[in-house]
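Asks: Numbering-wise (the working numbering), the sequence shown opens with residue 246 and increments by one. C-beta: ideal position from N, C-alpha, C; glycine also. One structure follows; several queries about it will come next.
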Amino acid sequence: MEAAITQPDSKPAAALEYFRQRLAQMHPAYFAMAMATGIVSLAADQLGLGVFARALLWLNVPAYCLLWLALGLRIALFPSRVLADLSSHQRGPGFFTAVAATSVVGAQSVLLLDNWPVALALWWLALVRWFGLTCAIFVGLSVKEEKPTLAEGINGGWLLAVVAPQSVVVLGCAVGADRILGHEISLFILMSLWLCGGMLYIWMISLIFFRYMFFKFVPSDLMPPYWINMGAVAISTLAGARLALAGGDVPLIASMLPFIKGLTLMFWATATWWIPILVILGVWRHRVRGFALKYDPLYWGLVFPLGMYSVCTLQLSKVLDAPFLLGLSRVFVVLALVAWVLTFFGLATRLLYVLLLATRSRREAAPSLPSVITHQQTGRLS
């Protein structure tokens, strides 16, 4: 039986009830926090900021575990809400953040800690979860009887379905193809996943761009996940670059290197094209139209693309032997760190509010000692 959300009968229960309500309403895309923290950590490490990279690593691991705990509690206490989210056009694709977060934490494990057994286990977890979610979400949405219009149902969050398989490719290359199923077959699988993700991007971005151009567009429509428009092709760039670097000794990959490099450059160029468009739209949303700028867990979906663009640009510079791209990578790692700090500050403020609510509730509910003594004496006299 699903837990019901009721109004608290006493003030000490206020904080607990607030937590239950937040858990019931928890957005499936909350794993974007682990995605963002992990990729910013990797970007910092690749550009020589080892202190920041390690600090974010040890912050991200417990955060990732807590997110799994929260998801498990939500499934146990509010199963119908989880199922409703899975079949929701607006919220369903957010579940793919768990796949990407798992892959990013795995990449941190192998690149920062050289712990490939943990990374390999996380790769298998990410692959299985990606396959399960792909079937559950897309089949569920296909057979759903009541569906929203394109304008109401499509958003940038749909591109998380692209980010997920590409993240599996990135982690697979980091772990080493020879540690998965054998060098050649593993690279073939990773190559297929990469191309699958690229095709999904073409399908989905066509619908999103059509929605931009031919439907009414208001500030509330421009949610932070629209930055995944850029992030999805940025991680596709990184996956392609990793494949090119890892598979040069395999005949199948070697014969396709010009194609891989060309498609990877196309992905990077597309990601670069999106950046000024999204910045201008953000200014229009908050400055021109006055939309309030406040913390939303979906803002982690903005931090992730900035960090990913830094990492993919660095790897692309290696594949194309283009050192002039390194400066751009350094700029974006700084932007990603700033965005991460601001978003984390918003999260910390939200958590502080919950703690203050709990503390105030306990103080208001606890009777003072004199009042207890007076009550006891009154009881004896009566």
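In angstroms, rounded to a whole number, what distance separates the CA positions of Y554 and M511?
Replies: Here the question's residue 554 lines up with position 309 in the sequence shown. Here the question's residue 511 lines up with position 266 in the sequence shown. For Y554 and M511, the distance between alpha carbons rounds to 14 Å.
Asks: Could you name the residues of the same chain whose beta carbon sits closer than 7 Å to that of R456, not counting the 5 residues immediately before and after it, in chain order?
Replies: Working through the sequence shown from its first residue, we reach residue 456 at position 211. Hits under 7 Å: L395, A396 and I399.
Asks: Exposed or buried, what is T588 when buried is set at 16 or more other beta-carbons lying within 10 Å of its beta-carbon?
Replies: Taking the sequence shown and counting its residues from 1, the one referred to as residue 588 is at position 343. Buried, because 16 or more other Cβ atoms sit within 10 Å of the Cβ of T588.
Asks: If I follow the unbroken alpha helix (DSSP H) through R374, where does it start and stop?
Replies: By one-based count along the sequence shown, residue 374 stands at place 129. It spans W361 to V388 - the alpha helix (DSSP H) in which R374 sits, taken as one unbroken run.
Asks: Between which two residues does the alpha helix (DSSP H) holding E429 run?
Replies: By 1-based counting over the sequence shown, the position of residue 429 is 184. Element bounds for E429: H428 to F459.
Asks: Mapping DSSP to helix, strand and coil, what is P393?
Replies: In the sequence shown, counting from the first residue as 1, residue 393 sits at position 148. Of the three classes helix, strand and coil, the one that applies to P393 here is coil, per DSSP.
Asks: Hey, could you find the ends of the alpha helix (DSSP H) Q560 is sitting in?
Replies: The residue given as residue 560 occupies position 315 in the sequence shown. Counting along the chain, the alpha helix (DSSP H) containing Q560 begins and ends at W545 to V564.
Asks: Among L488, I430, F462 and C418, which residue has its Cα nearest to the Cα of G527?
Replies: As a working mapping, residue 527 is identified with position 282 in the sequence shown. The candidate whose alpha carbon is nearest that of G527 is F462.
Asks: Could you check the C-alpha separation between G427 and L445 for me, to the nearest Å?
Replies: Looking up residue 427 in the sequence shown gives position 182. Looking up residue 445 in the sequence shown gives position 200. Distance between the alpha carbons of G427 and L445 is about 27 Å.
Asks: My output table needs one value for N474: the three-state DSSP class, helix, strand or coil.
Replies: The count along the sequence shown starts at 1 and reaches residue 474 at position 229. In this structure, N474 counts as helix in the three-state DSSP scheme.
Asks: At which residues does the alpha helix (DSSP H) containing A528 begin and terminate?
Replies: As a working mapping, residue 528 is identified with position 283 in the sequence shown. Sequence check: residue 528 is Val here, not Ala. Segment L502 to V528, the alpha helix (DSSP H) holding V528.
Asks: Could you give the first and the last residue of the continuous alpha helix (DSSP H) run that contains Y309?
Replies: Here the question's residue 309 lines up with position 64 in the sequence shown. Looking at the DSSP string, the run of the alpha helix (DSSP H) that includes Y309 is G295 to L322.
Asks: Do L322 and V350 have their C-beta atoms closer together than 8 Å?
Replies: Numbered from its first residue, the sequence shown carries residue 322 at position 77. Numbered from its first residue, the sequence shown carries residue 350 at position 105. Going by C-beta atoms, L322 is not nearer than 8 Å to V350.
Asks: Spatial neighbours of V344 within its chain, please: CB distance less than 6 Å, with the 5 preceding and 5 following residues excluded, ordered by chain position.
Replies: Here residue 344 refers to the residue found at position 99 when the sequence shown is read from its first residue. Same-chain partners within the cutoff: A371, R374, W375 and A409.
Asks: State the start and end residues of the unbroken alpha helix (DSSP H) segment that holds M280.
Replies: Residue 280 sits at position 35 when you count from the first residue of the sequence shown. Taken as a continuous stretch (DSSP letters only), the alpha helix (DSSP H) holding M280 covers A277 to Q291.
Asks: Put F536 into one of helix, strand or coil per three-state DSSP.
Replies: The residue labelled residue 536 in the question sits at position 291 within the sequence shown. Here F536 sits in coil by DSSP.
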